[in-house]
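Line by line, the protein sequences give chains A, B and C. Those letters in the first sequence? Residues 10 to 298, per our numbering, in order. Those letters in the second sequence? Residues 33 to 421, per our numbering, in order. Those letters in the third sequence? Residues 71 to 687, per our numbering, in order. Every residue, glycine too, gets a C-beta built ideally from N, C-alpha and C.
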Amino acid sequence: MQSFFQTLVSGLSFGAVYALVALGFSLVYRTMGLVNFAHGAVLMIGAYVASTFYLSARLPFAVAVPAAMIVTGAVGLVIERVLRPLENKDFDLMLIGTIGAGTVLDAVAILIWSSSGRGVPSPVQTAPFDIGGVRIPAYNVLVIGVTAAAMAVLTLFLQRTRHGAAMQAVAMDHEAATAVGIHVGRSNAISFAIGAALAALAGALVGPMLYVTPTMGDSLGIQGFAAAILGGFGSIPGAIVGGLGIGVIGSFAAQSFQGYSDLVTFVVFTVLVMIRPTGIFGERTVNRA
Amino acid sequence: MSRRPRYRLVSAAAAAAAALVAAACSAPGSSQPSSGSTSSGAVAGPIKIAVVDAQSGSESDLGQFEWRGVKLAVDQANAAGGIDGRKIQLTLYDDQGDPTVGTELARKIASAGDIAMFGTAESAVTLAMAPILESEHIPNITSGQSTQLLALHSPYLFLNGPTGLTYDSTLAKYLVTTKGYKKIAMLTNNDSYGAGEDEAFTASLKSLGITPVATEVVPADQTNMTPALTAIRAKNPQVLFIGAEEAQSGLIVKQARALGMTAVIAEGAPAGTPLYMSTAGVANANGTIVSSPYLGNDVSPAARKFAAAYTAAYGTAPELHGAKAYDGAEVMIAALKACNACTGLALANAIRAVHYAGLLGNFRYNSSGVGIFATSIGIITDGKIKPAG
Amino acid sequence: MSRLPALSPPWSLWSPGRARAGGLVVLAVAAWLLPYRLNIYWISVADTAILFALLAVGMGLVMGIAGQVNLAQIAFFGVGAYATAILTTRDGFGFWTAGALAMLAAVIAGLVVGLPALRIQSHYLGIVTLGLAVAFIDWITNAPITGGDSGISGIPTPPLFGIDLASQYLYYYLELIVFAGGLAFGLFIVRTPLGRRMRAMRDDPLAASAVGVEIRMLRMAAFVLASVYGGAAGVLYAGLVHYIAPETFSIADMFLLLAMVIIGGRQSLAGCVIGAIGLTVVQQELINLAAYAQLGYGLVVVAVVVFAPAGLVGIPGRAAAWYRRWRGHTGRAAALEPFRPLPAAPPSPGSAGGALLEVAGLVMRFRGVTAIDDVSLTVREGEILGIVGPNGSGKTTLFNVISGLYRPTAGTVSLGGRVISGAGPHRICQLGVARTFQHLRLFGNLTVADNMLVPLDRTRTWWSWRYIGWPPGVWRHDRELKWRAASLLGCFGLAQFAGLLPGSLPYGIQRRLELARAMASSPRLLLLDEPAAGLNGEERSQLAAIVRSIRDSGVTVVLIEHNMGLVMSLCERVIVLDSGTVIAEGVPAQVARDPAVLEAYLGKSALPAPHATEASP
């Protein structure tokens, strides 16, 4: 039983990171209709920028992370401008175009930071909490808390602010949105930048849990995308539930099937998607024929 | 009208058939001499040797270490006059850690006229390249340590360090006989290094009459090791043996300590590297027991001299992989000197005949291409490896 | 044989067949002589490039032609290679026996990966196929049978009549022959009924199913095709390198393959091949500049996708179009010809005036919204029936149910006494129901002629076994279809547009094409959803003549129309729908005076004769 809860806790901690990744995927898809396969690479850039601020510039972690989010958000603006012709195009082009952008980011990271990884010491030195033998690292609690806060802030932003409402309008019908005077280009740019900042947040948070390498985004990107689909692509609560779900499935698969955990995770994922293609919360349909 | 293209197709087929006949008379490629197969290095000019190592991807650190070690030895030899006045010219190839790329590079080396090869740092890539190098008569000094390399029985393949079995049997003997530990758990990854370690350490323990209390396997790209560690923690072992590359090993230790595991960490060569220590964190790495043929840059006067030259050349201190590669290059240089820059099987035999006192110990190659048969035990204290007392 | 040229449809004269054949000969000879110019290293690069080209052809077929996102092609490659390796090294099979079994294994993998495509598409299919590829990679990295991360070595050289295939040079010829066969077969598929259906499915799956294409079967067929190419490349790879390991089948390699296909041009197999060979060579050239090569490669991918979405093969066409525009020279414009009445059917004894279509107690609900509420109606053989009603009254929904796009919540639809509700749209089309759509649904990337050829082909998907069993039969069938398409296009006055894409035509001509396409499936019942929307007066009167001629040829017509003038003049009977129920039925003049009808229109929209379409953007 202790082992069960320990595995659950580790699944939830990594699930929180996947949820943040999924949140970025879903936000960009929901508002722009763009499936962004460069998201994992953006995350990696965020992780490097955050770790550079934290380790080399010796900024406090709580300052380094928002700074990395701003820098990465700016990188996001550049990517969005380049990829703008792909928005609302067919999926194949988006797929390979965003993968190409991700490849560029990977190469840039290697040229700046070299292809070897770097370890990031945990910013929280508190001893792990011990609840009935289940050890919960303090940092993991922080990660789960930040994820919950990010979801809450994002939901409020979309529902309560003018920019958020504009994005939703663009998602529903971008011709009509244009007609009522919403600047679609600007709205999309903002939403892509927010997605990039979310990726940076995920990368910055996962840095101390893992180590930062130019390839770290590949696996996190795929898991995060799977999480977004599992929860219901485009749905904010879906991203959270999907992320936690993928994290927990992966964690138990790792314990029961050892090296075969990816195989089990993705077979389970495929079966779930086959049973319920729209995911747990259903897709916020962007374009309907 | 519409039939005319068919006639053209027929004539195309006829042309193709004629070409086939031509090909049967003289197959393409058959006229080209297979480079490297000549055993006399009569040609003047530099002696061309390839270095094949990952320069990109997750294994690029190892590749960098290896390249620096080899280059340092060769630069020193060239500065001292080369081989009979001929300089050694190194060419660096990037295998990207991919065995398929390795097989292509093996052919590229052969066509480029390289007479020998250093690398790779990954047994899987070397395994893929070895048959081609053998058929092209190119001797290869590899940094791999898998026992599978010996199973190839290639007369052209040499290791620049001990096999994994040597590392692990030394480590097992120290843990069980010297320290008296009985409850030992194993956590290995599933790539060829981890699988080799799993096999070698299990065999070493078995010979000492010990069965591990837990054996867990994680994927090599796995980042969340907690589920496997949770299963191990439930067995409450005294020692946790890790068989994984540097960064992942560090991550395992970091996550194990976060789970409150206090078991002693024991590992082969990767734990002796700076990357391991930086990923794990200095506090977490403390007390790690390392089995390595090169316990740091202070173990001998030769090591200090090597470290000084390495630091002067690259601005950073060397570690095990650089030292291994340096030794391998020294062996090659000695063999080339001994046989007057010969090539092919003659060079392979010359390497086998080399007796060389290196950084890792005294090299004396046996028939399966292993030249060094011992490692030492070190303990990490405050970010430095200290020889175990 | 002497009759064949006469059968050849008119637009074949336009095909640059002779230039193409000459080019092929040059290419074939160059490929054959290439090894004489290459050293041992470059020949191994050439060997790799051909394998990637084979993989890319498979990718092109499934993604570019059939429109199915397949990110598991690398796994098919892996299945072929691993099955060959395991069967030869562990079980002692001969190379070719193992290779044949490996192809079988690859096809099974294709069926498994294709299964999700029955339910999901687009990015969902992308992540699921990618996930399955990750699962496969995970399996080969762990399983003892695959040798784990160290892979399998000692795969034997394939024996071939004493030819020493251990030589990289001679192996090149083996690969070249397999590749040429694979490419020829792929091109044959693309240009004949199977590939045409796949392209139609890619452009518009809904319209394709409505003209009788069996979408599910075709999707599976596409994945099986991809797996055959992947498996063949895998078998050849195992025999070439004698050693396999998981790194060769990584996700990065999958994306590289994808980049080859997109950069070359996914909708053209030649483009896929160009992309594969080009990227393989460039990658080998830049192997020692990994980071910069990666940067350059990423930038090129982004640039191609943004500036040349059709890939490298699309560039000459765009350049030519640009040049023509620059010169202000557009060539002779194609013109619409008059409609030639269809041959009238002899009045069929007995059945005339009997019920052809019967709708009984039909209910259609969407998540609590009732679009059709207990509708019953009868369509008589040989009549022109109009269905009118205000916006949102359920007219198009009724068509969608009859044509099988929706499965009714309750009630039945029967055609000629046979219940058809619940059957798929392709089945209903095969039983003799054809339709047009309110918003045009032509196959945008198919020529006008191809748009006609898809419905003209009444064979089932299973018929495609002939592609392996008896290809000349496929060829002959295709020629016959083309002849019939030419004659039908002639009837509809569209012959001059045969080689053009529908998107380049004026709206009225597209409308007529959609009508012709519906007629190509030789229906008994034709459903027209607002056929006059967007037409000018002259076009409307032409439409009326065409519809009458269609009826006279023995086809029953039901049309939804807002243009009351057209309904009055054309229809013999009118049914009025409002809020999903039938509120009136009868001859046009009588219905127009019906108080319930007037109330429905006036009460809802205050327009006496609504011309507005139901269109919403």
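Per DSSP, the continuous beta strand (DSSP E) segment holding B:E248 begins and ends at 246–250. Excluding sequence positions up to five before and after B:D230, its CB lies within less than 6 Å of the CB of T220, G275, all in the same chain and listed in chain order. Within the segment 142–189 of chain A, the alpha helix (DSSP H) runs of at least 4 residues that lie entirely inside it are, in chain order, 147–169, 171–181, 183–188. Among the CB atoms of chain B, one or more fall inside 7 Å of the CB of A:Q264.
If you look at C:A493, you'll find it isn't in any beta strand (DSSP E); DSSP assigns it neither H nor E. Put simply, of A:Q15, A:G106, A:V26 the residue whose alpha carbon is nearest the alpha carbon of A:A208 is A:V26. Between the C-alpha atoms of C:A565 and C:A414 there is a straight-line separation of about 21 Å. Shown here, B:E91 sits in coil according to DSSP, grouped into three states, outside any helix or strand. For B:K140, the closest Cβ of chain C is nearer than 7 Å. Within the DSSP secondary-structure output, C:L596 pairs in a beta bridge with C:A504, C:V627. Using a 10 angstroms sphere on the CB of C:L668, the tally of other CB atoms stays under 16, which defines it as exposed.
The closest CA to that of C:R618, considering only C:P460, C:G573, C:G452, C:G578, is found on C:G452.
Burial check for B:G347: the Cβ neighbour count within 10 Å stays below 16, so the residue is exposed. Comparing alpha-carbon positions, the option among C:A588, C:A291, C:G368 lying closest to C:G502 turns out to be C:A588. Beta-bridge partners of A:D139 (DSSP): A:R144. Within the segment 188–266 of chain B, the complete alpha helix (DSSP H) segments of 4 residues or longer fall at 196–205, 224–239, 258–265, listed in chain order.
In chain order, A138, M149, N172, Y188 place their CB closer than 7 Å to the CB of B:L165, counting only its own chain and leaving out the 5 sequence neighbours on each side. Taken in chain order, the members of the segment 268–286 of chain A whose beta-carbon sits within less than 9 Å of a beta-carbon on chain B are G268, Y269, S270, D271.
Near chain B, meaning a CB-to-CB distance below 8 Å, the residues of the segment 208–223 of chain C are D208, T211, N212, G218, D219, S220, G221, S223.
The beta carbon of C:G334 lies closer than 6 Å to those of G341, C342, I344, G345, G381, L382 in the same chain, with the five residues before and after it left out. In terms of CA proximity to B:K356, B:Q96 leads the group B:V133, B:P78, B:Q96. Contact between the segment 257–271 of chain A and the segment 18–25 of chain A is present, with at least three C-beta pairs closer than 8 Å. The three-state secondary structure of B:Q108, taken from DSSP, is helix.
In this structure, DSSP gives C:G456 an extended state, which the three-state scheme calls strand. If you check each beta-carbon in the segment 80–111 of chain B against every beta-carbon of chain C, the ones closer than 7 Å belong to Q87, S88.
At a Cβ-Cβ threshold of 7 Å, A:Y38 and A:F290 do not count as neighbours. DSSP, read as helix, strand or coil, puts C:G431 in strand.
The alpha carbon of C:G456 has as its nearest neighbour, out of C:V661, C:W553, C:I190, C:E631, the alpha carbon of C:E631. Taking a beta-carbon distance threshold of 7 Å, A:V250 does not count as an interface residue toward chain C. Note that the C-beta distance between A:A56 and A:V221 is below 7 Å. In terms of beta-carbon proximity, B:N222 lines the interface with chain A, with at least one pair separated by less than 7 Å. Look at C:N212 here: in three-state DSSP terms it is helix.
For B:K416, the pairing in a beta bridge is given by DSSP as B:T413. Where C:R587 is concerned, the enclosing alpha helix (DSSP H) starts and stops at 577–590. Between B:S310 and chain A, the shortest Cβ-Cβ separation is below 7 Å. The contact set of C:I144 on chain B, defined by CB atoms closer than 7 Å, is empty, because the minimum CB distance reaches about 12 Å.
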